[in-house]
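Engineer: Numbering (the working numbering), first residue to last: 21 to 500.
Glycine included, each C-beta is placed from N, C-alpha and C at the ideal position.
Model, not experiment: these values are computed from the prediction.
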């Protein structure tokens, strides 16, 4: 029965996307809050893990390639394309590294690194007008309340009935244990639980919260609809509350950092001061309602950040550069590769995107990744400067702040390996590139209807007839 439903959904999405490839981008964004829950409910079968890619992403790529688009549309700057090409080439060359534990590991690693990069060109081609960008940003925030509300329900259910019982009721015992790292929790005067919401882990859940703050702020500041701007305010407040109670301790660092940085870059001084007051107030209120001591959380998160910065992150980088300067090969430090190995003992895992890059691609791969980070930041910053004072200026500020925060987040964790960062990273880059072009375009005059054209031609003929000299019948005009 499952395979029949899967096939029917695939046929419908294929028909929709092949008819108009732009629909595939919107379907991909709208599917992100639900794919993790499907994976957990089906106990992580290979088919459901790849469902989004099979049902949406591949049809999108095929439709985009077959239907084509004007070559001048969405042209990407060489300063971004060249680092991406260098990283791609290194990933492909490292697939032939003799240290790789099998072709399947190399394929998983290559898919993790490269599969969503085409979304950069596709998103750039999609954004031909202000309306296209408005529609895409709205699609990124419209369903955000769903996982946030589910996450909050999971928190209060865990407090009332027990963490294990609550998450097991959602996904079953085995899937619930995997999604919560064995029902992990932290004691901060009250209990902070690791929650998956509708995702496969707390890391994916918080990644969605973190990334959704960017389009939510863009909608709040740039959307022409007052209703959508009000909706964005509610979404941002809900994201903050859900992030603080998600069980991801990094939320206490990156949510305030991202929001305040966006406001500073956007030069919303009054707004920045407001949020500087609001975020701590929300922090205290949300944790207070949950029975958690905010001072204990603040102190322990501060200690954890210092420990990670001085110990785990620095040590993992040093270890990776010392032990694997040439890299072990594509996929050998990719956590998803465990799905194709009987045991993951052959993998060399680091809790840092940079250390992981060195372990797989060597120092030259790290240089390519850093070049990509620098290129995206520079382009986002230029986009912010080019749109300052214009309609999309605040969106430019949000993207610039995002590309400052992302390398910091990559110091601990693998944001580019997980949804939605592996998708939104490239889509945000395309938006940052296209913002100045959208702002510079002059709206065209509306096209005249056939009736208007006919009336104009008739009026012109009447005018010519009225100005033409009339000769008397049977007489010649005098010659000059």
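#1: Look up residue 423 in the DSSP assignment and say whether it is helix, strand or coil.
#2: Can you tell me where the beta strand (DSSP E) holding residue 213 begins and where it ends?
#3: Evaluate residue 41 with the Cβ neighbour count: other Cβ atoms within 10 Å of its Cβ, from every protein chain shown; 16 or more gives buried, anything less gives exposed.
#4: Tell me, which residues are paired with residue 207 by DSSP?
#5: May I ask you to verify whether the segment 353-372 touches the segment 382-397, counting CB pairs closer than 8 Å and requiring at least 3?
#6: Got a sec, what are the start and stop residues for the alpha helix (DSSP H) residue 194 sits in?
#7: Excluding the 5 residues flanking residue 111 on each side, which residues of the same chain have their C-beta closer than 7 Å to its C-beta?
#8: For residue 72 and residue 203, what's the separation of their Cα atoms in angstroms?
#9: On the three-state DSSP scale, how would you describe residue 406?
#10: Leaving out five residues before and five after residue 197 in sequence, what residues of the same chain have Cβ atoms less than 7 Å from its Cβ?
#11: Find out if the Cβ-Cβ distance for the pair residue 168, residue 259 is shorter than 9 Å.
#12: Given residue 30, which residues of its chain have a CB within under 6 Å of its CB, disregarding the five upstream and five downstream residues?
#13: Excluding five sequence neighbours on each side, which residues of the same chain lie with their C-beta closer than 8 Å to the C-beta of residue 128?
#14: Assuming contact is defined by CB atoms lying nearer than 9 Å, are residue 44 and residue 97 in contact in what I supplied?
#15: Can you tell me the Cα-Cα spacing of residue 464 and residue 247, whole angstroms?
#16: Take residue 165 and list the residues in its own chain whose beta-carbon comes closer than 7 Å to its own, dropping the five residues that flank it on each side.
#17: Give me, in chain order, the residues of the same chain whose beta-carbon lies closer than 6 Å to that of residue 237; leave out the 5 immediate sequence neighbours on both sides.
#18: Quick check on residue 24: buried or exposed, where buried means 16 or more other Cβ atoms within 10 Å of its Cβ?
#19: Check whether the segment 270-284 touches the segment 227-243, taking contact to mean three or more Cβ pairs, one atom from each stretch, closer than 8 Å.
#20: Put residue 37 into one of helix, strand or coil per three-state DSSP.
#21: Spatial neighbours of residue 104 within its chain, please: CB distance less than 7 Å, with the 5 preceding and 5 following residues excluded, ordered by chain position.
#22: Helix, strand or coil, according to DSSP, for residue 414 in the structure here?
#23: Look at residue 172 and residue 140 and say whether their C-beta atoms are less than 9 Å apart.
#24: Quick check: the Cα distance between residue 431 and residue 199, rounded to an integer number of angstroms?
#25: Take the Cβ of residue 439 as the centre, count every other Cβ of all protein chains shown within 10 Å, and call the residue buried at 16 or more, exposed below.
#26: Could you check which residue in 404, 224, 219 has the C-alpha nearest to that of residue 455?
#27: Can you look up residue 116 in the DSSP assignment and give me helix, strand or coil?
#28: For residue 162 and residue 39, I'd like the C-alpha separation in whole angstroms.
#29: So which of 174, 378, 233, 367 has the shortest CA-CA distance to residue 267?
#30: Between which residues of its own chain and residue 249 is the CB-CB distance below 6 Å, once the five residues before and five after are set aside?
#31: Nearest-angstrom Cα distance between residue 59 and residue 397?
#32: Helix, strand or coil for residue 372, going by three-state DSSP, please let me know.
#33: Just to confirm before moving on: does the CB-CB distance between residue 433 and residue 219 stay below 9 Å?
#34: Since I believe residue 205 is in contact with residue 46 (beta carbons under 8 Å), could you give me their beta-carbon distance rounded to a whole number of angstroms?
Structural biologist: If we stick to the structure as given:
#1: Correct three-state label for residue 423: helix.
#2: Annotation: the continuous beta strand (DSSP E) that includes residue 213 extends over 211-213.
#3: The residue in question, residue 41, is buried, as its Cβ has 16 or more Cβ neighbours within 10 Å.
#4: Note: residue 207 sits in a beta bridge opposite 211.
#5: Touching, no.
#6: Residues 193-199.
#7: If we look at residue 111 and ignore the five residues flanking it on each side, its Cβ neighbours are 130, 133, 134, 350, 381.
#8: Spanning the two alpha carbons is a distance of roughly 27 Å.
#9: The DSSP-derived three-state label of residue 406 is helix.
#10: Closer than 7 Å at the Cβ level, and outside the excluded window around residue 197, lie 203.
#11: Their beta carbons are under 9 Å apart, which means residue 168 touches residue 259 by this criterion.
#12: Once the five neighbours on either side are set aside, the close Cβ partners of residue 30 are 75.
#13: Answer for residue 128: 351, 354, 356, 357, 359, 360, listed in chain order.
#14: Annotated as distal: residue 44 and residue 97, with beta-carbon spacing of 9 Å or more.
#15: With a pLDDT of only 37 at residue 464, under 50, the local geometry of the prediction cannot be trusted, and the value read off the model is given with reservation. Rounded to the nearest angstrom, the two C-alpha atoms are 27 Å apart.
#16: Excluding the 5 residues flanking it on each side, residue 165 has same chain C-beta neighbours closer than 7 Å at 255, 258, in chain order.
#17: Same-chain partners within the cutoff: 282, 418.
#18: Exposed, by the Cβ-count rule.
#19: Three or more pairs of CB atoms, one per stretch, sit closer than 8 Å, so the segment 270-284 contacts the segment 227-243.
#20: Per DSSP, reduced to three states, the secondary structure at residue 37 is helical.
#21: In the same chain as residue 104, and ignoring 5 residues on each side of it, the C-beta atoms closer than 7 Å to its own belong to 137, 392, in chain order.
#22: Residue state, collapsed to three classes: helix.
#23: In this structure, residue 140 does not lie closer than 9 Å to residue 172 by Cβ.
#24: Distance between the alpha carbons of residue 431 and residue 199 is about 23 Å.
#25: Label assigned to residue 439: buried.
#26: Ranked by Cα distance from residue 455, the first of 404, 224, 219 is 404.
#27: Reduced to three states, the DSSP call for residue 116 is coil.
#28: Roughly 24 Å between the two C-alpha positions.
#29: Relative to the Cα of residue 267, the nearest Cα in the group 174, 378, 233, 367 belongs to 174.
#30: Spatial neighbours of residue 249 in its own chain (CB-CB distance under 6 Å, excluding positions within 5 residues in sequence) are listed in chain order as 240, 243.
#31: Near 33 Å, if we compare the C-alpha coordinates of residue 397 and residue 59.
#32: The answer is strand: DSSP assigns residue 372 an E or B state.
#33: Against a cut-off of 9 Å, the Cβ pair of residue 219 and residue 433 comes out as no contact.
#34: Not confirmed; about 37 Å, so no contact.
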